[in-house]
Amino acid sequence: MNRKLLVGLSLILSISLLALTPVSAKDIKVLSQFPMSGPVGALPEFGWGYIDGMNWVNGEGGGVNGKKITWFLEDFRYDPTVEVANFNKYCAELSRDEFLLATGYITGGLKPLADKVNKEEKIPWLDGSYSTEMFGPEGGPSKYPYYYSLGATYGDQLKILLKWIKENHKAKGKARVGMIYSPTAWGKDGLPEALAYAKKIGIDVVAQIEYPYSATDATNECMQLRKAKAQYVIYHGYSGASGCTAIFFKTAKKVLKDVQLMGTHYTTNRMSILVCQEAYNGYIGVATRPFLDAVPRSKSPMDNPMTKLAHEFAQKYRPEEYKRGVKDKDSIKDMFLYLEGLTYALIIQKVLTDADNSGDLSREGVKKALDNLVWDYKGMFGGKKFSYKSHTIPMMQIFKAEVKMVKMGETMVPTGSVNPITDWINSDETKW
Amino acid sequence: MSDLFQALGSGLLVGLVYSLLGLCIVIVYKASEAFNFAVGEFMVTGSFLFYIIFFDLHFPFLLAFPLGLAAAAAAGALIETVTIRPLIGRSPIAMTIITLGLAFFIRACLQLIFGSHSYSFFLELPDISIDAGELLFLSDPLWAGILALLTFCLVMFFLFRTRWGLAVRATSENQAKAMAFGINAKMILLIVWAASSACIAVAGIMISNFGALSTMSSIVGLRAIPVVLIGGMDSIGGALAGGIIVGICESLVGAYIEPMGLTGSKEVAPYILLLAVVLIRPYGLFGTVRIERV
Chain P
469 MNRKLLVGLS
479 LILSISLLAL
489 TPVSAKDIKV
499 LSQFPMSGPV
509 GALPEFGWGY
519 IDGMNWVNGE
529 GGGVNGKKIT
539 WFLEDFRYDP
549 TVEVANFNKY
559 CAELSRDEFL
569 LATGYITGGL
579 KPLADKVNKE
589 EKIPWLDGSY
599 STEMFGPEGG
609 PSKYPYYYSL
619 GATYGDQLKI
629 LLKWIKENHK
639 AKGKARVGMI
649 YSPTAWGKDG
659 LPEALAYAKK
669 IGIDVVAQIE
679 YPYSATDATN
689 ECMQLRKAKA
699 QYVIYHGYSG
709 ASGCTAIFFK
719 TAKKVLKDVQ
729 LMGTHYTTNR
739 MSILVCQEAY
749 NGYIGVATRP
759 FLDAVPRSKS
769 PMDNPMTKLA
779 HEFAQKYRPE
789 EYKRGVKDKD
799 SIKDMFLYLE
809 GLTYALIIQK
819 VLTDADNSGD
829 LSREGVKKAL
839 DNLVWDYKGM
849 FGGKKFSYKS
859 HTIPMMQIFK
869 AEVKMVKMGE
879 TMVPTGSVNP
889 ITDWINSDET
899 KW
Chain C
14 MSDLFQALGS
24 GLLVGLVYSL
34 LGLCIVIVYK
44 ASEAFNFAVG
54 EFMVTGSFLF
64 YIIFFDLHFP
74 FLLAFPLGLA
84 AAAAAGALIE
94 TVTIRPLIGR
104 SPIAMTIITL
114 GLAFFIRACL
124 QLIFGSHSYS
134 FFLELPDISI
144 DAGELLFLSD
154 PLWAGILALL
164 TFCLVMFFLF
174 RTRWGLAVRA
184 TSENQAKAMA
194 FGINAKMILL
204 IVWAASSACI
214 AVAGIMISNF
224 GALSTMSSIV
234 GLRAIPVVLI
244 GGMDSIGGAL
254 AGGIIVGICE
264 SLVGAYIEPM
274 GLTGSKEVAP
284 YILLLAVVLI
294 RPYGLFGTVR
304 IERV
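From first to last, the protein sequence lines are chains P and C. Per our numbering: the first sequence = residues 469 to 900. Per our numbering: the second sequence = residues 14 to 307.
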């Protein structure tokens, strides 16, 4: 009797325990890599935005329908080999069922990983690269089905600037445009598309000048542009406000007095205001994010919900870094960098949740979620939604810099901002 | 024709700054037979020291400039004392290799302290731009050329018109003999490194004033290599000539060759020229030809 009771009780206990034990839910694992340090620049802001964003996603953000994301963050130091090695390491260590999404930031890493990501691992990969070669007509979803870019290609950025010139050119005759580009893969990226488009819409590209990062002088380049009678100069392929950008803008402002200086995404930023100062005044540039980070920061307009969110996040989670002056290397020098890290966290949560909602939380499920994504990115594009059918977020806006020097104590300091002069433009819907 | 003058003028002005970089390598080489590969990093260090005094502490330029140079000289002396002095009497190759290590070490320290972003750099020097129709020489490069030339002359005066300069020259001729005559070779080496650091700082400040200052600016130091190899490793006049040749070469190639579609040739041209010069004159245009018995 006792024995039967014992067996019965054990059975009930075992069944109860089995019922109480949750079905072993698989983890959701994500790898992100940003260039946060290294020879090109120390940009920890990428990581800060991402860390704060992912912590929020797993906490107040509710995770993926309540499930937490196990995320890994690596600093690949602008080195594609490090980016590739990191990815290989995680692929070897993590199970395919759990490792659902990876992100990167430069074209240099996309190229060597193309086969590994798209044919072998078949894992969705979000990237900061704007490479026309990878995401333009010659690349894109048919060639790289698992690659997704978080911005419009350089080709589209250059074309939209040319389109703006065409629509706003007031002087007689065809608009005369000079191109300055860096001797890098991204400096040359998009140029053939831009030249073909300029020809199509009747713009004369009167000069194409390669201008190196290590330049100590831009007089020759500017004199060539002056001689070619360029009315617009598009400066393309220089990340951040590097020394050569300051040299070019300082020289161009003196040599090319009536010429409209323009540029692509990475020249349209806050650091350029601080480094080029008055020489940056009047600059017109295209960007794939809302660059609303004024100098001083307190004067930043907050009408864009995503900008507002990024500033709120930074103030809440990084109050010291947010307040510190730009000279402090541990400060948030440009809110774009912080916002960029944050946008990665938000899109990761969005697509994983969409995949989970469709009942397929796998790599293929995440890919389907990305392919079907129609989203306003928390209001980042003025309420406009985009779809990922081209595997790029095809949104762009054109901005104009307004910079004024004001006296602060003994010294003159720059104040100003980069303000939108167009609505958000969807390149997939633009009639080129 | 105006294009040619423009290219020649622009090249000359930048070339004078390169000459100063070359001079700093030459005087160190003459004193110790070591090649200072950390010239770019010394340049950025000096520029940041000036930056702190002028832009952060708001000293007036006329005071900040000599103070910045003095700080750069002190930094150079400190580096010499810690890293170069222990190698006196050993092979110059050891010193040269130490400077390679120094380049990495200084760059890492600078990134740690100042980060890798650019710092705005505007010296409000009087505007002396020359704008004559198709010819335009901007104020900043003109000032750079003038200050580089003045510094060059100052170093020449120090070397050829002062007792310390005489001691430096004696030491560079033969360290052992100089010491036998009671010259303190250690002190001479210290002075040479300090003077060299101060002069590199002048070049760094001028180059930063063209654009901005960042730790990445150290890449400009590489220009000093073709300068001294073309001019001659042990020739002060050669450094001047080498700098001007490299500056003009870059400028002419930028003005005439690159527009023909050979983009990027401006960057490579000084090295091609270097190759040609070294093939014809292995010791450079003005370097001392050494005949060694084998």
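Each residue gets a CB set at the ideal place from its N, CA and C atoms; glycine is no exception.
Rounded to the nearest angstrom, the gap between the Cα atoms of threonine 112 of chain C and lysine 535 of chain P is 54 Å.
Put simply, of P:Ile889, P:Ala720, P:Glu589 and P:Leu578 the residue whose alpha carbon is nearest the alpha carbon of alanine 560 of chain P is P:Glu589. By the CB criterion at 8 Å, valine 727 of chain P and methionine 691 of chain P fall outside the cutoff.
Using a CB distance cut-off of 8 Å, asparagine 688 of chain P counts as an interface residue toward chain C. Contact note: tyrosine 132 of chain C reaches chain P through Val743 and Lys795, using a C-beta cutoff of 8 Å and chain order. Taking all protein chains in view, the Cβ of glycine 641 of chain P is surrounded by fewer than 16 other Cβ atoms within 10 Å, so the residue is classified as exposed.
DSSP places proline 882 of chain P in the uninterrupted beta strand (DSSP E) bounded by 879-888.
Positions of the beta strand (DSSP E) runs, each at least 3 residues long and wholly inside the region 147-225 of chain C, are given as 148-150 in order along the chain. When C-beta atoms of the region 874-881 of chain P are compared with those of the region 728-741 of chain P, fewer than three pairs fall below 8 Å, so the two segments do not count as touching. Counting every other CB atom within 10 Å of its CB across the protein chains shown gives asparagine 688 of chain P a total of 16 or more, marking it as buried. Contacts with chain C (Cβ-Cβ distance below 9 Å) from the region 701-731 of chain P involve Gly708, Ala709, Ser710, Gly711, Cys712, Thr713, Ala714, Ile715, Phe716, Phe717, Lys718, Thr719, Lys722 and Val723, listed in chain order. Residues of the same chain with a CB within less than 7 Å of the CB of proline 592 of chain P, apart from the 5 flanking positions on each side, are Leu569, Tyr614, Tyr616, Arg831, Val834, Lys835 and Leu838 in chain order.
Counting only runs of 4+ residues, the alpha helix (DSSP H) found wholly inside the region 725-797 of chain P occupies 738-744, 773-785 and 787-791, in chain order. Nearest neighbour of valine 57 of chain C by Cα position, chosen from C:Arg303, C:Val291 and C:Ser210, turns out to be C:Ser210. Where serine 32 of chain C is concerned, there is no enclosing beta strand (DSSP E), although the alpha helix (DSSP H) around it starts and stops at 15-45. The CB of lysine 801 of chain P comes closer than 9 Å to the CB of Gly128 and His130 in chain C, given here in chain order.
No Cβ-Cβ contact shorter than 8 Å links glutamine 625 of chain P with threonine 719 of chain P. Within the DSSP bridge table, the entry for glycine 670 of chain P names no partner.
Between leucine 21 of chain C and leucine 162 of chain C, the beta carbon gap of about 16 Å keeps them out of contact (Cβ cut-off 8 Å).
Secondary structure of tryptophan 524 of chain P (DSSP, three-state): helix. Under the three-state reduction of DSSP output, glutamine 124 of chain C falls in the helix class. Residues of the region 574-607 of chain P with a C-beta atom less than 7 Å from some C-beta of chain C do not occur.
Listed along chain C are Val27, Ile220, Phe223 and Val233, each with a C-beta nearer than 7 Å to that of threonine 684 of chain P. In this structure, the straight-line span from the alpha carbon of asparagine 894 of chain P to that of methionine 864 of chain P is close to 7 Å. Contact check for leucine 287 of chain C against glycine 251 of chain C fails: the beta carbons are separated by 8 Å or more.
Methionine 56 of chain C sits in a helix when the DSSP states are folded into three classes.
Nearest CB-CB separation between serine 230 of chain C and chain P: below the 8 Å threshold. Under the three-state reduction of DSSP, leucine 569 of chain P is assigned to strand. Methionine 739 of chain P reaches chain C at His130 and Ser131, counting residues in chain order whose Cβ is nearer than 9 Å. Under the three-state reduction of DSSP, leucine 275 of chain C is assigned to coil, being neither helix nor strand.
Nearest in C-alpha terms to isoleucine 110 of chain C, of all of C:Ile126, C:Leu80, C:Ser60 and C:Glu46, is C:Glu46. Shown here for valine 240 of chain C: same chain residues with a beta carbon closer than 6 Å to its own, the five before and five after excluded, namely Tyr31, Gly35, Gly255, Gly256 and Val259 in chain order. Within the region 528-568 of chain P, the complete beta strand (DSSP E) segments at least 3 residues long are 537-543, listed from N- to C-terminus.
Not a single C-beta of chain P is nearer than 8 Å to the C-beta of proline 239 of chain C. Contact annotation, valine 886 of chain P with methionine 873 of chain P: C-beta distance approximately 16 Å; criterion of less than 8 Å not satisfied.
Beta-carbon to beta-carbon, isoleucine 671 of chain P and lysine 695 of chain P are separated by about 19 Å, too far to satisfy the 8 Å threshold.
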